[in-house]
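Okay, so here's the structure we're looking at.
Number of protein chains: 2
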Amino acid sequence: MLGGYCGKILWVDLTSRKWRTEDVTLEMARKWIGGSGWAAAIVPKMVQASTDPLGPENILGFFTGPLTGTIVPSSGRHCVAAKSPLTGIWGEASVGGSWGKALKHAGYDALILTGQASEPVYLWINEDTVEIRPAGSLWGLDTYEVEEAIRKRTHPRAEVCAIGPAGERMARIAGLFTDGQEGRAAARCGLGAVAGSKKVKAIAVYGKKAPALADKEGLLKSIKAVLPTIKERTKGQTNFGTAGLVLPCQQLGDFPVKNWTQGSWEEGAQKISGVQLAEKYLTGRFHCASCPIGCGRRIAITEGPYSGVSGGGPEYETLGLFGGSCMIDDLAAICYANELCNRYGIDTIEAGNLVAFSMEAYEKGIISKEDTGGREIKWGDPDTLIGLIKEMGEGRGFGAILAEGFPALAQRYGDAVQEMGITVKGLSFPAHEPRAYNSIAVGYATANRGACHLEAFSHTFERNLAMPDLGIDQPLDRFSSEGKGVMVAKAQNLMMVFDSIAACKFLLFGGINPTILSEWLTMATGIVWNAEELVQCGERIFNKKRLYNVECGITRNDDTLPERILRQPRGSGGAATNLPPLEAMLDEYYAFRGWDANGIPTEAKLRELELL
Amino acid sequence: MLGGYCGKILWVDLTSRKWRTEDVTLEMARKWIGGSGWAAAIVPKMVQASTDPLGPENILGFFTGPLTGTIVPSSGRHCVAAKSPLTGIWGEASVGGSWGKALKHAGYDALILTGQASEPVYLWINEDTVEIRPAGSLWGLDTYEVEEAIRKRTHPRAEVCAIGPAGERMARIAGLFTDGQEGRAAARCGLGAVAGSKKVKAIAVYGKKAPALADKEGLLKSIKAVLPTIKERTKGQTNFGTAGLVLPCQQLGDFPVKNWTQGSWEEGAQKISGVQLAEKYLTGRFHCASCPIGCGRRIAITEGPYSGVSGGGPEYETLGLFGGSCMIDDLAAICYANELCNRYGIDTIEAGNLVAFSMEAYEKGIISKEDTGGREIKWGDPDTLIGLIKEMGEGRGFGAILAEGFPALAQRYGDAVQEMGITVKGLSFPAHEPRAYNSIAVGYATANRGACHLEAFSHTFERNLAMPDLGIDQPLDRFSSEGKGVMVAKAQNLMMVFDSIAACKFLLFGGINPTILSEWLTMATGIVWNAEELVQCGERIFNKKRLYNVECGITRNDDTLPERILRQPRGSGGAATNLPPLEAMLDEYYAFRGWDANGIPTEAKLRELELL
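Respectively, the protein sequence lines represent chains A and B.
Sequential numbering of the first sequence, starting at 1, is according to my numbering.
Sequential numbering of the second sequence, starting at 613, is according to my numbering.
Okay, structure coming up:
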């Protein structure tokens, strides 16, 4: 081995059309790991709190982790980050697929776009060749089409990250999509709009520089030892994808129903479950790079009104929000709506919440036919869902208004959004219920990007997982509140590690813990890690993002949940009566975090984390 | 641990009086280790081959290694580097003492001076406080005096690196001196003149930031395991210092006698041996930072004409060149001459060779009383030695001419210097004989800074040491030539590692090998190393310096030795008849190095070492 893992960032300035590479510092590698950690180190340094997210001063960063593109299982992820145009605060999205691996194999750990192109462009990164090419003729293509078109112009095995028409128009619910019709999405926080603002239609990457491993044999041996357990314990994900969660989550009251107003939807869930998906439409599995699980679904619908739908199948989140929250039990319709979102380049979580919101607001007369351009909006109606998604994707009618996201809707409809727009800090709820797991309440309230189940992923420690490395010796009771503030903070710190190295959190189900991660990281990079310092890095990273949000004006007032979640028991289902006692848990959370009562990190904590 | 070893360089620009810090890249840490390796990475990038070494475009770098200032035994060294004003090529000097440790404990791995001050200054570096202070009133003080004066102005335990009057006047044989009257010297290559050209009288450092160790317990355990062996096998150095080498080296014909013309000097050597020094003048030992050996001598002369001499005692090199080469057997006189050199800030190796040259040239009538300003120059005469050193130090008379070094003398005396000036590439021979060890011939001819016994330290593998890590399974016959080219190249690669990490090569005597070094390095820094990649780094570092020399015009023609060494057997002593077959060994050396027949590294080799 010569050199080994060194960490290289490719900076591309779209305004000047110049690029350069940066070798990262040893301090950067140690203090910030990679992936989401590098995003936390770089975005706040480059983008002021006052910056217009859609202006040339925002940056758009793609950060792989030190394990991305290696032989480590489920390591094929990367983080995309910018100031969010949807929420105006910390913006980040994580995505699997093969694009991150390809960037790493092209020789770069990260790609950061600055400035703004004057005309549509796409980037072609082939190891030492970095080109900014015109994309005028690609503008308007959907994400499936653009991959095909760009592969013809570059390399047949180039990996393409692209925006669809929604991103081009800077719709604030637009994401960045990879892997063509597999529909892997860095969907959240409207980062597709940032790409659109920079006039970047796509980024194609290819390379053959597999990362040097400091101790390949040791790594292989360690992986082999745990691989059977990972495979065994993730069989559900392998067989049914995340769609397999529909039935258990519904049963537990963890499933959104009728825009977060009801507690159960048994019959509907049966119709859109992972089993149904597998039996009716499944044609194969999709594995992200290096992943033994393969939770991605490949589907094809060959008959009925949605015949012709083909490609990536809907995830649990999509099923929860298009299905339960909109009360739509037509699985084929959901598959079609999912494909539309992928093609247009739209976040299905935002879309599902926005449509459910519209259904409720329309029913209550807050939105009228005048607003919708004559469209009738009905609960459980596939045509409503599909129609509104087409409008969002194409920037037409009422959908164009929805596609600006809840913060913009709040300007227009005021209190109605306050009541029915189910977000934290402007980011819509994913399909997990804070009333079903008390820790989710704290997790959503404090997640740096807004309502996010993956920044803490804490409900997993209220269900069946323990994590002795973090002092979580056994799973906690989901309806208890004591200790939940502490547990969520610890879980967030650990999840920052996953997002930074960057690996899939499903490894948790296979028994992977910080100790194993630190061993893999050491053997892969040749930088010595241990579990404790890895988790402390996670804490540093979480706090750094919080500091950015504090600069953007975030305080305790924003660390809250919609009234509906805090005050309205649902009365049915697996969590019929529970309401999360957020403020008490938040007090505990702040105290453990070393934040003051207003949610601001104290100087002592910042000093401890070397953030001062 | 938070962060651990991260690598920080302090840049001080003397012209603008501004300073900044740089966090080194992970690539820098991996490819270039530290110390001499960082020098190799940085000096050629900053200083063009055409740059005037005494102009503002030269830089002066002080590079500790990742082990400097740690608990690793004998790790208290650092490297000083610049373009050499003496030789006009790669300039480097290594020094022990406590200054490197102090710089590290002030929070910096390296200090690099750029530009030129307009008035005399000294630097005061106290952790985050970096000051460029006026040194007008310190100008003219000798190196012992200036330490005392600066400690009064800064901190009583500040470590001071200073030039004496010779460096102030930019004498090209001036060095940089640390540890006050202990007389630790980065003496070679005239780097004191570079400090003088920048008007930097001294650099005082102090700090309490002991470097974080990634695995302190493991490191302590590993050190404890080998410490008894180190102590046992370096007893000679502990008891008699490097002066203890006088007798064995004389016996082996490894000792310079009468300007490299004779093979033995038995009676004289007896009078100036380490035993004599210990019995007559020794008052104590001096240990460089973290060193269990303590080869430094503390002496005091309390009677006779040199009564009052006190402080660091002469090293083997000084005894060889002031004693054997000048035929001076008055140990007290040598101690005094040594003290004078330390105070004036002069390299004793250059001074000894220059005086011996003068003695021979005067005897042969090439230099006359006219040249010497009336001074009679006589073999074996202490007054000649002392008188000329005073002139060198004070810039007076014939000594002022000598103090410009052999390359300048060659301009003046032409062929005489060609014949009697015993240098490679303008740097004088240290007190080891290429005719006594064939490997020394290759080592001197190819050392990047010119005649240097420490860039290869290869005679140790022709005497009593093996090094299986390098494929040197047993010590080689010193008079054989086959395999010597290969052995020297390997030894140089290993010595680059010692100079980069930065530790004392005397550890070799204690059985320390690349395997142990790589373990220590891993446990100290938290960057994983193994022996093979460590030695390959050494190879990269050696080649990088060679590339710089090639830019400066060095080719095979310069990889040679004086005719005297190549063609004149000495006829007596332990190596009476041997002449090193340099060209054949050089062919082998170039072939093994992957250099072409003219001594230029091939593209394939540079690619292999990631130098292209």
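A virtual CB, placed ideally from N, CA and C, is assigned to each residue, including glycine.
C-alpha distance - residue i paired with residue j, whole-angstrom precision
i	j	result
phenylalanine 898/B	glutamate 771/B	15 Å
glycine 1206/B	threonine 1214/B	6 Å
glycine 3/A	aspartate 1208/B	Caution is warranted here: a pLDDT of 48 is assigned to glycine 3/A, below 50, making its placement in the model unreliable, and the coordinate value is therefore given only provisionally. Distance between the alpha carbons of glycine 3/A and aspartate 1208/B: 25 Å.
proline 777/B	proline 656/B	29 Å
leucine 612/A	glycine 553/A	19 Å
glycine 115/A	glycine 646/B	37 Å
histidine 1065/B	leucine 219/A	42 Å
serine 937/B	alanine 1188/B	16 Å
threonine 68/A	glycine 268/A	38 Å
threonine 525/A	glycine 421/A	44 Å
leucine 252/A	serine 118/A	51 Å
threonine 1127/B	proline 1087/B	19 Å
lysine 811/B	tryptophan 751/B	9 Å
glycine 1211/B	glutamate 1195/B	12 Å
glycine 393/A	arginine 188/A	15 Å
lysine 8/A	aspartate 23/A	5 Å
serine 687/B	serine 902/B	6 Å
lysine 104/A	valine 80/A	14 Å
glycine 1150/B	cysteine 161/A	42 Å
threonine 229/A	glycine 511/A	7 Å
arginine 77/A	methionine 327/A	32 Å
glutamate 1145/B	leucine 517/A	25 Å
glutamine 276/A	isoleucine 386/A	21 Å
Residue(s) in a DSSP beta bridge with residue i
i	result
cysteine 861/B	BP columns for cysteine 861/B are empty, so no partner.
lysine 18/A	Asp13/A
tyrosine 818/B	Asn738/B
tryptophan 1207/B	Pro1213/B
glycine 352/A	In DSSP, glycine 352/A forms no bridge with anything.
lysine 620/B	Asp635/B
glycine 312/A	Arg298/A
phenylalanine 789/B	Ala774/B, Ala797/B
tryptophan 90/A	Lys83/A
leucine 113/A	Val12/A, Leu60/A
proline 746/B	Val733/B
glycine 896/B	Arg910/B
isoleucine 1084/B	Met1079/B
Neighbourhood of residue i by C-beta, 6 Å cutoff - its chain only, sequence neighbours within 5 removed
i	result
methionine 1/A	With a pLDDT of only 43 at methionine 1/A, under the threshold of 50, the placement of this residue in the model should not be trusted; the figure read from the coordinates follows. The answer, listed in chain order, is Ala212.
glutamate 127/A	Ala106, Gly107, Gly207
glycine 65/A	Gly34, Gly35, Ser500, Ile501, Ala502
arginine 20/A	Trp11
glycine 1007/B	Arg781
C-beta neighbour in chain A for residue i, strict 7 Å
i	result
aspartate 664/B	no
alanine 1115/B	no
arginine 632/B	no
Contacts that residue i makes with chain B (C-beta to C-beta distance below 7 Å)
i	result
glycine 405/A	Here the premise fails: no neighbours, minimum Cβ distance about 38 Å.
glycine 526/A	Ile1139, Val1140
Closer than 9 Å at the beta carbon, the chain B residues around residue i
i	result
isoleucine 42/A	Simply none; closest approach about 14 Å.
is_contact[residue i, chain B] using C-beta, thresh 7 Å
i	result
glycine 395/A	no
valine 12/A	no
Cβ-based neighbour list, residue i, same chain, cut-off 8 Å, excluding 5 preceding and 5 following
i	result
asparagine 1125/B	Met1079, Pro1080, Asp1081, Ala1143
Contacts that residue i makes with chain A (C-beta to C-beta distance below 8 Å)
i	result
alanine 826/B	Val528
Chain B residues whose Cβ lies nearer than 8 Å to that of residue i
i	result
threonine 522/A	Val1140
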